[in-house]
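K.L.:
Following numbering that gives the first Met the number 0, the numbering of the sequence shown begins with 0 at its first residue and continues without gaps.
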Amino acid sequence: MPIRLLLLDDHILFREGLSRLLDSESDFQMIALCGTPAEALEVLQRSTVDIVLLDYDLEDDTGTRFISTAQAAGYRGKILMVTAGMNALDSALAWKLGISGIFLKHDSPQKLLEAIRTVAGGGKWVEPKLVDQKAASPASSPLTPREQQVLRSVFEGLTNKEIAYQIGVSLSSVKATLQSLFEKTGVRTRGQLVRIAIERSLHTH
């Protein structure tokens with residue numbers, strides 16, 4: 000049974016080029032090339048798709064919003080982000096929504112074929128370039144419930160003030176908890192904290 004693919008990308012040249020590459024592989028079947036989320040959702044309603052190859056930066060939308068919409072509409076297949084780049088918070092949100100990987104467009108076509116097959120086999124595709132290797136040391140000790148709350152909020156992109164309001168503590172308490180997280184993970188910025196949380200699967204649930 001071939002791996003059934005849907006590509007959602009708003010650049011027609013990229014869609015057509017990638018389609019030619021994938022069509023040349025006997026274990027792939029291209030179900031549809033879509034330029035808008037609406038087109039892709041329509042295809043998902045009437046066709047079985049194993050993996051959606053999803054650009055993050057769509058013309059009037061984002062890939063993460065499409066993921067939520069597709070899942071709400073009943074899509075249960077896998078999603079591989081194929082993108083020019085994503086910041087740490089967007090990457091974190093996409094992982095939390097259940098994607099199977101992020102592939103950067105400037106990597107080689109052969110790497111993309113490998114990524115698709117890895118995801119199809121149930122694996123994850125993590126781009127080393129999106130992980131700050133300097134920050135990739137495991138936490139020195141388990142996170143406290145408060146630290147887990149704050150880390151979850153950082154994942155959601157909330158400001159310190161919003162975090163304080165959401166979990167019902169003072170602003171200085173949030174800052175102290177963040178400092179503790181930085182020390183435990185050996186990082187200095189929120190972006191690095193998000194990346195190491197993804198990479199090391201810290202207790203964010």
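Built from N, CA and C at the ideal position, the CB exists for glycine as well.
Who are M80's beta bridge partners in DSSP?
P.N.:
For M80, which the question treats as bridged, DSSP gives the partners L53, I101.
K.L.:
Restricting to runs no shorter than 3 residues, where is the beta strand (DSSP E) found entirely within the stretch 141-179?
P.N.:
Segments of the beta strand (DSSP E) lying fully in the stretch 141-179: there are none.
K.L.:
When you compare each of T47, L17, V48 to D210 by their alpha carbons, which one comes out closest?
P.N.:
As shown, the chain starts at 0 and ends at 204. That puts residue 210 outside it, with no answer to give.
K.L.:
With a threshold of 8 Å on Cβ separation, who are the neighbours of L157 within its own chain once the five nearest residues in sequence on each side are excluded?
P.N.:
Excluding sequence neighbours, L157 sits near Q165.
K.L.:
For the alpha helix (DSSP H) that contains R116, what are its first and last residues?
P.N.:
Here the alpha helix (DSSP H) through R116 covers 108-119.
K.L.:
Excluding sequence positions up to five away, which residues of its chain have a Cβ less than 7 Å from the Cβ of G76?
P.N.:
V48, D49, I50, V51, listed in sequence order.
K.L.:
Taking C-alpha atoms, which residue in P141, L7, L111 lies nearest to A39?
P.N.:
Among P141, L7, L111, the Cα nearest to that of A39 belongs to L7.
K.L.:
Could you tell me the distance, in whole angstroms, from the CA atom of S99 to the CA atom of G167?
P.N.:
Roughly 34 Å between the two C-alpha positions.
K.L.:
State the DSSP-derived secondary structure class of T47, mapped to helix, strand or coil.
P.N.:
Note: T47 maps to coil in three-state DSSP.
K.L.:
Considering only the alpha carbon of each residue, which of W124, G73, I78, S25 lies closest to G62?
P.N.:
If we check each option's Cα against that of G62, I78 comes out closest.
K.L.:
Considering just the uninterrupted stretch of the alpha helix (DSSP H) at A93, what are its terminal residues?
P.N.:
It spans 87-95 - the alpha helix (DSSP H) in which A93 sits, taken as one unbroken run.
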